[in-house]
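Start counting at 1 in the sequence shown, then tack on 12, and there's your number in our numbering. Cβ coordinates follow ideal geometry from the N, Cα and C atoms, glycine included. Note that the coordinates shown come from a computational prediction; the quantities given were computed from them, not determined experimentally. Structure first, then comments.
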Amino acid sequence: MERRNYEEVLVTSSLLVDQESATNYYHCIGPGGVDGGSSPVTAVVIISTVVAVCGSFNTGCAAGYSSPAESGIMEDLGLSVAEYSVFGSLWTAGGIVGALISGRTADLIGRRGTMWFADIFCIMGWLLIAFAKDYWWLDFGRLATGFGVGLISYVEAVYISEIAPMNIRGGFTSASSLMMCCGFSMIFFVGTAIGLFFVPESPRWLAKVGREKELEASLWRLRGERADITQEAADIIEYTKTFLQFPKATILDLFQRRYAHSLIVGVGLMVLTQFSGVTAISCFTSSILESADFSTTFGSRAIAILQIPVMVVSVVLIDKSGRRPLLMVSAAGMGLSSLLIGFSFLMQDMNQLKEVTPIVVLIGLLTYSATYSLGMAGLPWLIMAEIYPINIKGVAGSLVTFSNWFFSWVVTYTFNYMNILLYSIISGSTVLFTAKLVPETKGRKLEEIQASMTHFLH
């Protein structure tokens, strides 16, 4: 009890200021801005974001590679269906392992260092797959790629959220989902491996490891040479030092009362997203279309083409409309789409309206894909990167990323035993969850969001 009271006094005394101040501590926007609020969007911020989101090209390639390549690889290497199934599933296994250590790795060697580490495994994985002589090469390559993607899933969102000015933080972080839709591995090799030589490290990680001179240099590069970064640097250092006075966080520390709200929001959004059927429907799109007697080629291409412009709209809207409205619209759209698909198959099973089932299923899949891309595709990752204070960000990020990968596997594995109407119910629950528990983080500095979350239950 004494330790808890000490922590509360420590955080409160550091983060709260005299209410008679001319401007509020959290919303102070001076000549140079706080958290980059009024800072110009510099070329370094744009380049750093582009380099970081190049990792999502690899994620998109890895997620979609096994389906179109199946017949060619099985024929070239003489693989059985069982051997190819192992190859496809090892990506998720590698992702789970990468997710488990992602937060600790990012805390230990930095955000940029973790992206380098992930690059090594991803490039090695793709080379093993490209030059595979037997299925062992394929399996190790797929496992290595999944491990790298598991690391990237966490560190990419955290890095961008920590370097971007708060007025564009949402759009820049969500750009990774857009890149995932595009997914060209050649851009990944060129963009990430070369670009990481030039991008700065996260200022907040530099503050965490006590490298204050480098922190200031990083902020100068990110905000521009003429920007006044004094206040922003001081705020980051003060906030970080406050939380670093706490004992080193472990996984059990996440279940303290003070972190209950942020833990529920971060893990809850990931679990609800997966149980809304996202990964399963993506993996089994061709099977769903085939069951509806619709062309799998046309339907799959239409869905893939639609995702890209919708993701562009999401990136534009996210810092204008806010996180919560987009999340609720996205989840509601996914729920209605799942209901439409499930109802059409129900009618088909009852030999009713069978002639319209193909087009209704296609419409359902298109709207599901579009509404998912609008919000649920990237926003849970953005919110995860925003809500956790520096002292628990590593272990919390690992737990959240692990939850996403683990339940992705669960939902995919159980798809053939589930009724798609259940996904509709869970999507509806996501709307209520967002309305009741998810905070609006648009236009707020990271330190403000994190302090308000840890004080939620006081």
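Closer than 8 Å is the cut-off here; do at least three beta carbon pairs connect the stretch 211 to 222 with the stretch 152 to 165?
Cβ pair count under 8 Å is below three, so no.
8 Å contact criterion, which ALA447 and MET340 should meet: CB distance rounded
The Cβ separation is near 6 Å, so the contact holds.
Inter-residue Cα distance where the pair is ILE58 and ALA64
So the alpha carbons of these two residues sit roughly 10 Å apart.
Buried or exposed: LEU338, going by 16 or more other Cβ atoms within 10 Å of its Cβ?
Residue burial is scored here from C-beta neighbours: LEU338 has at least 16 other C-beta atoms within 10 angstroms and is therefore classed as buried.
Would you please state the rounded distance, in angstroms, between the beta carbons of PHE99 and ARG181? I believe it to be under 8 Å.
Not a contact, Cβ separation roughly 38 Å.
So ILE375 packs on GLN462, CB below 8 Å; how close in whole Å?
41 Å between Cβ atoms; not a contact.
Specify the secondary structure class of ASN179 as computed by DSSP and reduced to three states.
Here ASN179 sits in coil by DSSP.
For GLY382, count the other beta carbons within 10 Å of its own beta carbon; 16 or more makes it buried, fewer makes it exposed. Which is it?
Looking at the sequence provided, one finds Ala at residue 382 rather than Gly. Buried, by the Cβ-count rule.
Do the stretch 124 to 139 and the stretch 166 to 182 meet, that is, are 3 or more Cβ pairs less than 8 Å apart?
Three or more pairs of CB atoms, one per stretch, sit closer than 8 Å, so the stretch 124 to 139 contacts the stretch 166 to 182.
I'd like the ranges of any alpha helix (DSSP H) spanning at least 4 consecutive residues and lying wholly in the stretch 218 to 259.
The stretch 218 to 259 contains, as complete alpha helix (DSSP H) runs of 4+ residues, the segments 224 to 235 and 242 to 256 (chain order).
Residue from PHE414, MET178 and SER299 whose Cα sits closest to the Cα of LYS332:
Comparing Cα positions, the closest option is MET178.
For TYR271 and MET388, the rounded distance between their alpha carbons
Taking the straight line joining both Cα atoms gives about 23 Å.
Contact set for GLU452: own chain, Cβ-Cβ below 8 Å, skip 5 residues either direction:
The residues are GLY334, ARG335 and ARG336.
Are the CB atoms of PHE516 and PHE419 nearer to each other than 9 Å?
Residue 516 lies beyond the stretch modelled for the chain, which goes from 13 to 470, so this question has no answer here.
If I follow the unbroken alpha helix (DSSP H) through LYS454, where does it start and stop?
No residue range can be given for LYS454, since it is assigned to no alpha helix (DSSP H) and is classified by DSSP as neither H nor E.
Opening and closing residue of the alpha helix (DSSP H) in which PHE476 lies
Here the chain has residues from 13 to 470 only, and residue 476 is not among them.
For VAL450, the three-state DSSP class (helix, strand or coil):
If DSSP states are grouped into helix, strand and coil, VAL450 belongs with coil.
Leaving out five residues before and five after TRP149 in sequence, what residues of the same chain have Cβ atoms less than 8 Å from its Cβ?
The residues LEU140, ILE141 and PHE143, in chain order, have a CB closer than 8 Å to that of TRP149 in the same chain once the five nearest residues on each side in sequence are set aside.
Using only CA atoms, which one of ILE108, ASN403, THR252 and MET282 lies nearest to PHE445?
Taking only the C-alpha atoms, the option nearest PHE445 is MET282.
Between the CA atoms of ALA176 and GLY455 - distance to the nearest angstrom:
Whole-angstrom Cα-Cα distance: 12 Å.
Identify which residue in CYS66, THR291 and SER350 has its Cα closest to the Cα of VAL372.
Among CYS66, THR291 and SER350, the Cα nearest to that of VAL372 belongs to SER350.
GLN243 versus ARG223 - alpha carbon distance:
Each residue's Cα considered, the two are about 17 Å apart.
Go ahead and label MET323 buried or exposed: buried means 16 or more other beta carbons lie within 10 angstroms of its beta carbon, across all protein chains shown.
Looking at its Cβ environment, which holds 16 or more other Cβ atoms inside 10 Å, MET323 is buried.
Cα-Cα separation, CYS66 to ILE113:
Roughly 21 Å separates the two Cα atoms.
Quick check: what's the CA-CA separation for THR126 versus LYS366?
Between THR126 and LYS366, the C-alpha separation is close to 52 Å.
Exposure label - GLY90; buried when at least 16 CB within 10 Å:
Counting Cβ neighbours within 10 Å, GLY90 comes out exposed, since fewer than 16 surround it.
Are ILE172 and LEU449 touching if we call contact CB-CB under 9 Å?
No, the pair does not count as a contact, with Cβ atoms beyond the cut-off.
With 16 as the cutoff for other CB atoms within 10 Å, does GLN257 come out buried or exposed?
Under a 10 Å Cβ-count criterion, GLN257 is classified as exposed, with fewer than 16 other Cβ atoms of the shown protein chains found around its own Cβ.
Spatially closest choice to SER342 from PHE210, THR308, SER385 and LEU301, by CA coordinates
For SER342, the nearest C-alpha among the options comes from SER385.
Of all the options LEU411, GLU174, LEU358 and THR379, which has the alpha carbon lying nearest to the alpha carbon of PRO212?
PRO212 has its Cα closest to that of GLU174, out of LEU411, GLU174, LEU358 and THR379.
Report yes if the CB atom of GLY137 is closer than 9 Å to the CB atom of THR104, and no otherwise.
One thing to note: GLY137 has its Cβ no nearer than 9 Å to the Cβ of THR104.
Out of ARG233, LEU266, ILE263 and GLY289, state which residue places its alpha-carbon closest to the alpha-carbon of THR54.
If we check each option's Cα against that of THR54, ARG233 comes out closest.
Within 10 Å of its beta-carbon, does LYS225 have 16 or more other beta-carbons around it, so buried, or fewer, so exposed?
By the Cβ neighbour-count rule, LYS225 is exposed, with fewer than 16 other Cβ atoms within 10 Å of its own.
Determine whether the beta carbon atoms of ILE432 and PHE357 lie at a separation below 9 Å.
Contact check for ILE432 against PHE357 passes: the beta carbons are separated by less than 9 Å.
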